[in-house]
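Quick note, the sequences are listed as chains E and D, same order.
Using my numbering, the first residue of the first sequence is number 67, and each one after it goes up by one.
Using my numbering, the first residue of the second sequence is number 67, and each one after it goes up by one.
Before any comments, here is the structure.
There are 2 protein chains.
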Amino acid sequence: MAGVQAPSPDLAGEITGQLLDIGYALRQRLDAEVARLGLTPATARALSELDPDRPSPARDLALQLDCDRSNVTPLVDRLEEAGLVERRVDPEDRRVKTLVVTEAGRRMQARLHRVLAECGAILGDLDEAELRVLRDALAKVAIPQ
Amino acid sequence: MAGVQAPSPDLAGEITGQLLDIGYALRQRLDAEVARLGLTPATARALSELDPDRPSPARDLALQLDCDRSNVTPLVDRLEEAGLVERRVDPEDRRVKTLVVTEAGRRMQARLHRVLAECGAILGDLDEAELRVLRDALAKVAIPQ
DNA sequence: TATTGTTATACTCTATAACTATA
DNA sequence: TATAGTTATAGAGTATAACAATA
């Protein structure tokens, strides 16, 4: 629209809009798949954050999810009801409850990972080279913590 | 990690993860800015969808937001309370309520648009050429409706 | 009968504050 | 007193079902 060589001041805004739209669409699709696995978006995200090989306190999960500790309680409640996670009192500090991913939890994590890759189908119109360009460009986007 | 020339089967999944993370971070930042303008994320999105030059039925807004009509009612309630939108009964079909963006609504839309561009600051590490590459790659991503 | 907008209701997500049990 | 987890509560967002007014 503006001059061809002019540095388009709105380019960043345009890309921001694209990223928001795509992120939204991706989220929609992912949430639908996750629901078919019997999980809500938030519980799926919580389970994805847990390292099956390194049980950690609920407090750490709150940090990873960037939310209040009080929110973690109902999330872990549901994961525990579903048999995907176990709460264990830490013998060294009985205030702490360690979150352990069960075998069923590991299998669900694998399923979630697969779903994520499948949702990448919206990238279907890009060939291998274009995908690499896109990945490298996205890697340069500074994500504020 | 795999062979250099091998078509990485996980590339799409990796990019999907990047897009989700960036989309989430963008959303967080945007929501915070929007809150400073006195709007919730959903009302801001609703206002952004409205064309100030083409008043349309509430039903159309539900379609644009891809949500149920019943959700539109409280959103428009708040936009109307804030003086940003007006409901007008359509004389040609008295069932329909047309949503009109007020002058204050137009100014808020402009502010929202500016906020979107400012959130593009997370793209700061990319130069003009890289931004163009990114934009063109994102344009090829097929957004499912 | 069908459609527009609304109301009623429910569930999820997230935030703050107060509580308990440990330390 | 400080911290980990919980409970209570509230607001926002979104879904379904039922309703009134209108077509």
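From the three backbone atoms N, C-alpha and C, an ideal C-beta is built for every residue, glycine too.
According to DSSP, simplified to helix, strand and coil, what is residue i?
{"i": "R154 of chain E", "result": "strand"}
{"i": "L192 of chain D", "result": "coil"}
{"i": "T106 of chain D", "result": "coil"}
{"i": "A148 of chain E", "result": "coil"}
{"i": "Q71 of chain D", "result": "For Q71 of chain D, the predicted structure reports a pLDDT of 39, less than 50, and the residue's modelled location is therefore unreliable. A value from the coordinates is still provided. Correct three-state label for Q71 of chain D: coil."}
{"i": "L116 of chain D", "result": "coil"}
{"i": "I81 of chain E", "result": "helix"}
{"i": "K206 of chain D", "result": "coil"}
{"i": "C185 of chain D", "result": "helix"}
{"i": "D76 of chain D", "result": "coil"}
{"i": "R173 of chain E", "result": "helix"}
{"i": "R160 of chain E", "result": "coil"}
{"i": "D143 of chain E", "result": "helix"}
{"i": "D134 of chain E", "result": "coil"}
Sort the options by Cα distance to residue i and report the nearest one.
{"i": "D212 of chain E", "options": "D:R160, D:D202, D:V142 and D:R154", "result": "No statement about residue 212 of chain E is possible, as the shown extent of chain E runs from 67 to 211 and does not include it."}
{"i": "G30 of chain E", "options": "E:L131, E:E146 and E:G83", "result": "Chain E is shown from 67 up to 211; residue 30 of chain E falls before or after that span and cannot be answered."}
{"i": "A176 of chain D", "options": "D:R153, D:R154 and D:L103", "result": "D:L103"}
{"i": "L197 of chain D", "options": "E:V142, E:A108, E:D143 and E:L204", "result": "E:L204"}
{"i": "S114 of chain D", "options": "D:V151, D:D193, D:D156 and D:D76", "result": "D:V151"}
{"i": "D156 of chain E", "options": "E:R95, E:D193 and E:P121", "result": "E:P121"}
{"i": "R153 of chain D", "options": "D:A91, D:M174, D:G89 and D:L116", "result": "D:L116"}
{"i": "Q84 of chain E", "options": "D:L92, D:D132, D:G83 and D:A148", "result": "D:L92"}
{"i": "E99 of chain D", "options": "D:M174, D:V199, D:T82 and D:R144", "result": "D:M174"}
{"i": "A78 of chain E", "options": "D:V207, D:R161 and D:V199", "result": "D:V199"}
{"i": "R144 of chain E", "options": "E:A195, E:Y90 and E:A112", "result": "E:A112"}
How would you list, in chain order, the residues of chain E whose beta-carbon sits under 9 Å from the beta-carbon of residue i?
{"i": "A176 of chain D", "result": "What A176 of chain D touches in chain E: nothing, since even the nearest Cβ is about 13 Å away."}
{"i": "L86 of chain D", "result": "G89, L92, R93, L96, L182 and C185"}
Please list, in chain order, the chain E residues whose beta carbon lies closer than 7 Å to that of residue i.
{"i": "E80 of chain D", "result": "R201"}
What are the partner residues of residue i, as DSSP defines its beta bridges?
{"i": "S122 of chain D", "result": "D:L165"}
So which residues of chain D does residue i contact, with C-beta pairs closer than 8 Å?
{"i": "E196 of chain E", "result": "A203 and K206"}
{"i": "G83 of chain E", "result": "L182"}
Mind listing the chain D neighbours of residue i? Cutoff is C-beta to C-beta under 9 Å, in chain order.
{"i": "R154 of chain E", "result": "Those within 9 Å of R154 of chain E in chain D number zero; the least Cβ separation is about 30 Å."}
What does residue i reach in chain E if we use C-beta pairs closer than 8 Å?
{"i": "D76 of chain D", "result": "A183"}
{"i": "R104 of chain D", "result": "Position check: residue 104 of chain D holds Gly in this sequence, whereas Arg was assumed. By Cβ distance, chain E contributes nothing, its closest Cβ being about 21 Å from G104 of chain D, past 8 Å."}
Name, please, each residue of chain D whose Cβ falls closer than 7 Å to the Cβ of residue i.
{"i": "G149 of chain E", "result": "Within 7 Å Cβ-Cβ: nothing; G149 of chain E doesn't reach chain D, min ~26 Å."}
Sufficient close CB pairs (3 or more, under 8 Å) joining the region 163-176 of chain D to the region 116-134 of chain D: yes
Given 8 Å, three or more beta-carbon pairs between the region 178-196 of chain D and the region 172-182 of chain E: no
Cβ pair count under 8 Å reaching 3, the region 132-147 of chain E against the region 107-120 of chain E: yes
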